[in-house]
Structures are given as structure tokens and as C-alpha cells.
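Colleague: Just so we're aligned, residue 1099 is where the sequence shown starts under our numbering, counting upward by one. Beta carbons are placed, not taken as given, at the ideal position from N, Cα and C, and that holds for glycine.
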Amino acid sequence: MKIVVGTRGSKLALTQTKWVISELKKKHPHIDFELKIIKTKGDIVQHITLDKIGDKGLFVKEIEQQLIDKEIDMAVHSMKDMPSSLPDGLKFASIPKREDPRDVLILRELYKTIDDLPKGATIGTGSKRRKYQLLKYRPDLNIVPIRGNIDTRIKKIEDENLDGVVLAAAGVLRAGLEKNISSYLPVDIMIPAPSQGALAIEIRQDNFEVENIISCFRDEITEIQVEAERGFLDGINGSCHIPMGAYCTVNDDDINLVGLFGDEEGRKIVINSLKGKASSAREVGLELAKLILKEHENYEG
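#1: In three-state terms, what does DSSP make of Met-1288?
#2: Measure the beta-carbon distance from Gln-1231 to Ile-1289 and round it to whole angstroms, keeping in mind my assumption that it falls under 8 Å.
#3: From Tyr-1235 to Lys-1178, what does the alpha carbon distance come to, in whole angstroms?
#4: So the candidates are Val-1368, His-1175 and Lys-1137; which of them puts its Cα closest to the Cα of Gln-1294?
#5: So, are the CB atoms of Gly-1329 and Lys-1388 less than 8 Å apart?
#6: Look up Ser-1293 in the DSSP assignment and say whether it is helix, strand or coil.
#7: With respect to the alpha helix (DSSP H) encompassing Val-1308, which residues constitute its N-terminal and C-terminal limits?
#8: If we count Cβ pairs, one from each stretch, closer than 8 Å, do we get three or more for the stretch 1308-1324 versus the stretch 1185-1195?
#9: Secondary structure at His-1339, three-state DSSP: helix, strand or coil?
#10: Could you tell me which residues DSSP pairs with Gly-1360 in its beta bridges?
#11: For Leu-1110, which residues of its own chain have a beta-carbon under 7 Å away from its beta-carbon, when the five flanking residues on both sides are left out?
#12: Would you report the Cα separation of Phe-1075 and Ile-1204, rounded to the nearest angstrom?
#13: Run the CB neighbour count on Asp-1238, radius 10 Å, all protein chains shown included, and call it buried at 16 or more, exposed below.
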């Protein structure tokens, strides 16, 4: 049996996909997994910030089309790149255990933490969520837009004379670059993107054979977190034009979901949280989105 696995061609995407394939091979040594690299709009257009070239789905649409057309049997994505709803005929298979969901600072050697940075320090990020949360904590910082893969962004510290960059811990850890991490940003300073650190394995709805093969991956806590955080994403109807974050903690049958939503200019940033039951994780996410949208409407600063 052969399974064709679609992925983006970035170093991180390939690392993630090869990890998925190697884990599946351990359980299913008789299956031949073939890796297929697919270019997406987000990969092709590198000179423009993400919020200027389109919406969520920039890194997935072309891959999803190949799934629908049966050119590939499954696709591996970063869950945080996935739009709030999937095309007809596609679904997520079991979700593996989540990597660290936090964001990290990679700084010049002089500095270790956000508090070490001098007044007016220049930090690179392509994310409004990261930008406005950094400015909320340190209004004096100079935040500049950057794009590119992890290595490129780290290199920009030297090339563009930055004091540092903010990246997702998961990507840095999966790429084996943890030695570059200066410090982790706690969730009370930087709420992560919904589902940051989780992998999305996408398949056709009717492909029960592949679904069954992937079921060995399932991590229940990660699935609850993703349900809640993507419920919030769906309720906000979020795009990469707006700062938005969500993080769910699970304690036995109970969950606590923290959400962030702001306007494009970062003038109105609302953070709130909601407790609920793990069995209603998606509903908790939708409910928190309603609460925060209402608060945002009545926001007076």
C-alpha cells in the first residue's frame, strides 16, 4: 500500500512531515509513504506581509486542492495556518501531541529576556498578534515587519540590525534550533495563536483506511485544546489582518480558555477568559468569542 503525503517545501514543513511519516512507519512498516512538495501562495509571495496578500489559508489552499483531486492521500500542516472551516469533503484526522505552544524571543547575545531590552529596541515579527502584545507590555519597543522561514528570520537579526525576533517555540524546537532561544514568553505576556504548536493532518472525509492508519497518533488533551481554540477562531471569524490569540488549559474534565481579539491598528485589544467542561470545548470557544466581540464593541480603552 502507498500513501502520498502532501506538504509545503519549507524546512519546517518538511521536518514536521518527515516526523509524521517516521512515526507512522513505526506502527505501519508495511506501508510505503511518499512525500510530495506543493507550493502555496504564501510560499511564492515572500516580499509582502501576510496580512496584505490574503486571508488564512495562504499556506494550505493548493495542498487542499490536491487532496480533493486525489493527487495526495493526506496533508501535514501547522494547525495555526488552517482556516476556521475546511473545504467540503475534507476533515482532520487524529491530532498528535502538541509541541510547546508559547512564543519565544531570539535576541542579540547581550540580552536574554524582554525586560533586558534597552528602550526603543527593534524587534522583528510578521504577526499583529505578537506586535500588539509586545507593545502592550513594552510600549517603547520598535516593532518591524519580517517574513521568511525560521533560519531567514534569525539571520535578519544580523542582516537588518535587529535586537531580536519573535517566533513560535514549536517551529524553533522542531527545527532543532533551541540553542538560539533567549527566553520563552509567558502566556500572560503573549497569548499564542489558536492551536499554535499543534499539527494538522488533513484527509478526505471518505478515506476511512487512511483515517484508521493515523488514529495511532491521537492525543486527547491536544484535541480538546484545539477544539476550544479553533472554536474561538471560528466565533471571531479571524483572519491574519487582526490580532487574535487563544490558549486552552485542561485540568481533568475542566478547561480554561483565554482569548485575545483586537482591531487592525491595535488600538482596541480585549483579553478575557472562560471556564467550562472539556466535553464542550468547542462551545466554550464560541461562547468566549461572543463575549469578547461584545466587549470589543463597547471598548473605551
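Modeller: Checking against the coordinates, here is how it stands:
#1: In the structure shown, Met-1288 sits in coil (DSSP, three-state: anything other than H, G, I, E or B).
#2: With a Cβ gap of about 7 Å, Gln-1231 and Ile-1289 count as contacting.
#3: Each residue's alpha carbon lies about 24 Å from the other.
#4: When only C-alpha atoms are compared, the closest one is His-1175.
#5: Contact flag unset, no.
#6: It is coil, neither helix nor strand.
#7: Counting along the chain, the alpha helix (DSSP H) containing Val-1308 begins and ends at 1306-1312.
#8: Result yes; three or more Cβ-Cβ pairs closer than 8 Å.
#9: Reduced to three states, the DSSP call for His-1339 is coil.
#10: Beta-bridge pairing by DSSP links Gly-1360 to Ile-1367.
#11: Taking C-beta separations shorter than 7 Å and ignoring five residues to either side along the sequence, the partners of Leu-1110 in its chain run Asn-1247, Ile-1248, Gly-1269, Arg-1272 and Ala-1273, following chain order.
#12: No answer is possible for residue 1075: the residues shown for the chain start at 1099 and end at 1399.
#13: Asp-1238 counts as exposed, since fewer than 16 other beta carbons sit within 10 angstroms of its beta carbon.
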